[in-house]
Every structure is written in structure tokens, then in C-alpha cells.
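Everything in the sequence shown is counted per the numbering used here, starting at 28 for the first residue and increasing by one. Quick reminder that beta carbons are idealized off the backbone N, C-alpha and C, glycines included. Input: a single structure, listed below in C-alpha cells.
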Amino acid sequence: MKQLLFYVSVLAIVFLGANNLKAQNINFFQGNWKQAQLESQKQNKPIFMDAYASWCEPCKRMDREIFSKPEVAKFFNDNFVNVKFDMEKGDGLALAKTHQVKFYPTYLFFSTEGILVHRGGGYIEAGDFITLGSNSLNENTQYYTLKNTYDYGTRTPDLLYKFAMAAVEASMGDAGTISEEYLQGLAGSKKLLSTENMKLIMQVAQDFNNTAFDIMSQNTAKFVETFGAEKVHTVLGNAMRQKVAEAGKKGNTTAMDEALKFVDANMSDKARRLKPELSMIYFEANKDWAAYCNAAPDYVTLNLMDDAVGLNNVAWNFFEHATDAEQLEDAIKWSKRSISLSNKYYNNDTYTNLLYKAKQYNEAWAAAKITLEKAEKEQVDSKETLNLLFKMAPDMKSEGIEYLLANKAKFVDAYGEKEIDKKCHDLINASIAKAGENKDQAMYNEYVGIARRYYPGEQTKMEPRYQLLYLSAGKDWNAYVDYTANYFNGQNMDDIDLLLEASNVYNNYVSGKLDLYRAKRWAEHILSNAKDKKNYTTVSMYASLLYKIGDTLNSEKYANEAISIGQAEGKDITEMQKLLEKLKK
């Protein structure tokens, strides 16, 4: 009994703990934007908006890892009416346009009057996220409040500093311009290298063309002493990456050389890894893909073997630009490594495409099916994978057709049901024709079996066609004649299309007089009962059959009629002209 009581107590603690954890998530208001504004006024709390997209991985990470932290949940629940909107549907569409949401996640902060006062974005750690929220509550740190003051003409150093820091936090493009204005105003001042100013410089020095970078590169030792070598070298390295990217776009090898020399002089401990990376950035920006592919193996080995995204990016560039078989094999290995580090849709998609480009079709087919499963699980757009599966299906023979048909619903949105059915019917017909060419009855049975399983309502119409396709592809004209003579023996004469097809085969490949008379009767039936079939093809065929059985008078009549119809239809009438010449002789 004690053990049971202890077990029940433990369960109670577990369930209570689970409930408490659940309560520690940010509570997001359920309603539209107008209702959220009314709720804000009712509670007298400003609004925090998580502006996200359904496919955005950093958005999902924020949901899982940050919004659920107790300290984050408490701060935001205590201080805001919290809302979430998908920027690609519903109210989100207008909100994204109005507030220029250009990347995800974006965080928007509104006053109780619904006025946007501050913003931020990207994946943010818990402490920094709380700081962002706290800054949105303070007029001295609100980006839009400070911007309004600036726009009205205030240019005090205090305002410029606060505005620059707020712009950095808000990920706004004017952060560099404002910080430039502020730092230039401090030129020659002892305050330039104060701790607060150095913090700002660290935030904006990644643009190598500004005053902040010049100050930092000229005082590297001071910055290292204050912030540590790792942080300082990260900022300087990012500045060099930007410099090299711009140099690559312009083909500026001088700027590239300057960047490499800067790394040697100021970041010697990073040079071994950073310099190959800078070369790769330059080649990519310059679209020098031959140099890029040649430099990649050393760069990947040095820098990316534990970086799933980095490996995938290089592998994808190889998919798009590499042509050498060995290079594609390298990219396949990197892609597999990326998947082993983080098994996601994006790198499975790269792996699949690389296998296909390398003509490893069986492996690509298997990988594509896994990629589609990943897309469905992660709820991302899978159209590209569906396109590839659709494209590869013929190479996979019966397995490909079966997969398309078994998963038809997945392809319908992308192609439409008619297109899927046409594709599958075409593949079945092509395969049956191949079976006929090879006299492969087992192969024929396999594909007819697929048709029976997935198109049971069409079998009465389709099976005779499959049989005749098999026989004609194998040029087994005796069997073809036997089958059609039996099939159209006083029955099935309303199957005009197949009757026309059989008549054409007789006209082209059969020589027996009785058989040709049979085809003549079929042609007469078609012309009498299917007015829409009275065209150049049908009438010329009838004229030819009449000639072959010796009815030259009627053959000439219908040859002339065929020529007249053919001219109206814009057809090549050479065949009938030659027939008339024979008749005249």
C-alpha cells in the first residue's frame, strides 16, 4: 500500500509539474487583429506580435525553445497582450504589408492605441528576448519613438546613440547611417572608445565601409581587451566576408587581396580557416564556378564537417554548377554528412537532386520518397520533390507508375487529376509496347495488372487496346488479325476509335484479301456512323483499302475526296496524289 501511495504521489507531482510547465508558455490571444487591439485597451497592456510563417524553422525554434521558458513566459504574460499571426494568410497579409515584415520571425510591439513603437527579429536567446521586450516598454529605447524625434530634427549625441542602438536591435537598415553620424560627431573625442560606444561599434562594424570598422581595425587590441578575441574576430571576419562578397561581384581582385592581408595581420589565429572561406565567397559572388568547385574540398574539410547548413549550401551549389562526376560524388558525400547531422527536408532535397544529376536513378528515387515524407512532416512546400518524382517515374518502370497511382492525391494539387491519369496511361501504354517488342508476356501481364488495380472501371474499354498494342508493337500481324476479327465480329462496332486504329493497321501491314475486305467494311461503318471521323486520315485510308482490293473506280473517287478534305485541313496530301498517279496508269 505504501508503494502504491508513493506511486500515486509521484504521478500527482508529475501531472502537476506538467500542468505548471504548460502554464509557463507565452499565452497568445486567440482572435483577429481588431479583437486583439480591443483586448489591449481592455487590459491596458501593449501588444507583442510574433509575425511568423508556417515554413520558418527559426520561428518553430522560438516556439519550442524560448516562448516556453518560465522567465520569458512570465515577463510577456505580465506585460503584454500577446498575439501570433501567419504573415502569409488572413490578417497577416495586410499586417506584413503595412509594417514591412520582410523576414521571419519578426517581432512587432504596439502601444495600447495600436501604434507600432518597436520591433526585432530572428532567433533570440531568452535573456536578449526579454531585453527586447523591456526596451519596447521604454520610450528611450523604442525604435519608432526615437525615429520620430530624429525626423523632427533632434541631433543630440544622446539621441543619436540611443537611436542607433535601437535600430541595431530592431534590425533596421538605418542602423549604419545613424551610427555613422554619431561616431563622426565624436571624432577626436576621448569618449570615442568608452565602453558604451565600443558596444555600438561592435554592432555595426561588420560593414567594412564605415567609420565603426575603421575605429575597430585601428584599435583592435583595445577591443580584444574589452570583449575578448573571439567576439572581436567574429565581427572583423564578418566585415571581411562582406568586403570579399562585394569584391567578387565586381571582379575586384585587389580588394580580395586586401582582405586576405588584413586577416593575416589582424586575425592570424583565424587565417587558416577564414582565408579559404573568403576565397569561396569571392568565387561564388564572381560566379566563377570552376574555381569554386576546385576550392570547395579543402574549405569543406577545414570548416564545415560539423555544419549541416554549410555542407548543404556547398552541396547545392555543386548540384547547380558542377559537371564533373568526381565533384558530384564529393557533393553527395557532403550532403549525406549534412543529413547525418540534421535530418531535415532541405538537405534531403539536395541529396535527392544530386543523386538524380549523377544519374544514380534508383538511389534518387528512394531518396525522393524520403524527402517527400520529410516535407509532409515539416509542413513545407513539396512541389519540387513531387516534380522530381513525377519526372523520374518512367525510369522506375512499374514501381514508378504504382507509386504515382498509390499516392495520386499528393500529386493532384500540383498537376491535376487529368494530367496524372494521362501520365500513368501513357507510361502503361509505353511499357506494354515495350513488352510487345520484346515478346515479354510477363511484363505485359504486370502492367495490365496495374491498370486493373487502379482503373477497374475502364477495363472493358482498355484491355482490347492493351492486347492490340502488345501485338502491333511485336509486329505479330497474324495474331492481330485473329484478335480483331473476333473482337469486331458483329459486336463492339461502336468502339469507333479502336475500329479506326485496327483499320489503319490492316491498311499498312495486312495483305490478305479477305482481311482487307474486313477492314473496308470497318472503314465504311466509321464513315457512315461517325461523321466527326470523316477527315483526311480516314478517307485516305478508305481510298487506299479500295485500291488494294481492286476497286479502282471508288478508290479514285475517295482519293479525290481525301485530297479536297486534306487541303481544307492543311494536311500533306502527297500520299493521295501518288495513289491517283498509280490509278491513272
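Report the option in the options whose CA atom is closest to the CA atom of residue i.
| i | options | result |
| --- | --- | --- |
| residue 148 | 79, 612, 593 and 419 | 79 |
| residue 333 | 123, 368, 212 and 603 | 368 |
| residue 67 | 104, 331 and 93 | 104 |
| residue 51 | 99, 65, 72 and 58 | 99 |
| residue 73 | 141, 89 and 468 | 141 |
| residue 414 | 264, 89, 447 and 429 | 447 |
| residue 136 | 115, 166 and 117 | 166 |
| residue 405 | 421, 375 and 502 | 375 |
| residue 491 | 520, 464, 466 and 325 | 520 |
| residue 388 | 410, 317 and 420 | 420 |
| residue 355 | 385, 363 and 335 | 385 |
| residue 550 | 539, 527 and 181 | 527 |
| residue 362 | 470, 342, 110 and 548 | 342 |
| residue 457 | 350, 344 and 499 | 499 |
| residue 62 | 112, 81, 106 and 249 | 112 |
| residue 292 | 253, 247 and 393 | 247 |
| residue 422 | 438, 451 and 242 | 451 |
| residue 427 | 436, 146, 396 and 186 | 396 |
| residue 55 | 89, 110 and 65 | 110 |
| residue 257 | 278, 229, 92 and 401 | 229 |
Starting from the C-beta of residue i, find all residues in its chain whose C-beta is less than 6 Å away, skip the five residues before and the five after it, and write them out in chain order.
| i | result |
| --- | --- |
| residue 600 | 590 and 593 |
| residue 561 | 554 |
| residue 162 | 168 |
| residue 466 | 501 |
| residue 123 | 114 |
| residue 32 | With a pLDDT of 33 at residue 32, under the threshold of 50, the modelled position of that residue is not reliable, and the figure given next carries that caveat. If we look at residue 32 and ignore the five residues flanking it on each side, it has no Cβ neighbours. |
| residue 48 | In this predicted model, residue 48 has a pLDDT of only 41, less than 50, meaning its place in the structure is not dependable; the value taken from the coordinates is given anyway. Excluding positions up to five away in sequence, the list is empty. |
Who are residue i's beta bridge partners in DSSP?
| i | result |
| --- | --- |
| residue 133 | 78 and 148 |
| residue 55 | 109 |
| residue 143 | 137 |
Taking a contact to mean a Cβ-Cβ separation below 7 Å, would you say residue i touches residue j in this structure?
| i | j | result |
| --- | --- | --- |
| residue 473 | residue 425 | yes |
| residue 377 | residue 398 | no |
| residue 271 | residue 309 | yes |
| residue 665 | residue 127 | The requested residue 665 does not occur in the structure, where the chain is confined to residues 28 to 612. |
| residue 417 | residue 381 | no |
| residue 219 | residue 193 | no |
| residue 263 | residue 294 | yes |
| residue 460 | residue 431 | no |
| residue 227 | residue 244 | no |
| residue 572 | residue 525 | no |
| residue 568 | residue 516 | no |
| residue 150 | residue 97 | no |
| residue 131 | residue 83 | yes |
| residue 290 | residue 282 | no |
| residue 557 | residue 523 | yes |
| residue 108 | residue 70 | yes |
| residue 300 | residue 331 | no |
| residue 102 | residue 157 | yes |
| residue 441 | residue 410 | yes |
| residue 383 | residue 393 | no |
Note the first and the last residue of the continuous beta strand (DSSP E) segment covering residue i.
| i | result |
| --- | --- |
| residue 5 | Since the first residue of the chain shown is 28 and the last is 612, residue 5 is not available in this structure. |
Taking the alpha helix (DSSP H) that residue i belongs to, which residues open and close that run?
| i | result |
| --- | --- |
| residue 534 | 523-536 |
| residue 312 | 298-312 |
| residue 221 | Neither: residue 221 is in no alpha helix (DSSP H) and is coded neither H nor E. |
| residue 377 | 372-384 |
| residue 520 | It is not in any alpha helix (DSSP H) - residue 520 carries neither H nor E in the DSSP assignment. |
| residue 542 | 540-556 |
| residue 487 | 486-500 |
| residue 248 | 247-254 |
| residue 423 | Neither: residue 423 is in no alpha helix (DSSP H) and is coded neither H nor E. |
| residue 576 | Residue 576 -> no alpha helix (DSSP H), and no H or E assigned at all. |
| residue 205 | 202-212 |
| residue 73 | Note, residue 73: premise wrong, no alpha helix (DSSP H); not H, not E. |
By Cβ distance, which residues of its chain are closer than 7 Å to residue i, with the 5 residues on each side in sequence left out?
| i | result |
| --- | --- |
| residue 203 | 231, 234 and 237 |
| residue 4 | The structure shown does not extend to residue 4, since the chain spans only 28 to 612, so no value can be given for it. |
| residue 335 | 365, 368, 369 and 374 |
| residue 349 | 320, 355 and 358 |
| residue 59 | 118 |
| residue 507 | 495, 498, 499 and 532 |
Between which residues of its own chain and residue i is the CB-CB distance below 8 Å, once the five residues before and five after are set aside?
| i | result |
| --- | --- |
| residue 322 | 303, 306, 307 and 310 |
| residue 609 | 574 |
| residue 184 | 209, 212 and 213 |
| residue 268 | 304, 305 and 308 |
| residue 607 | 583, 586, 587 and 590 |
| residue 611 | none |
| residue 188 | 209, 223, 224 and 227 |
| residue 285 | 270 |
| residue 45 | A caution first: residue 45 carries a pLDDT of 39, below 50, which makes its placement in the model too unreliable to give a value. |
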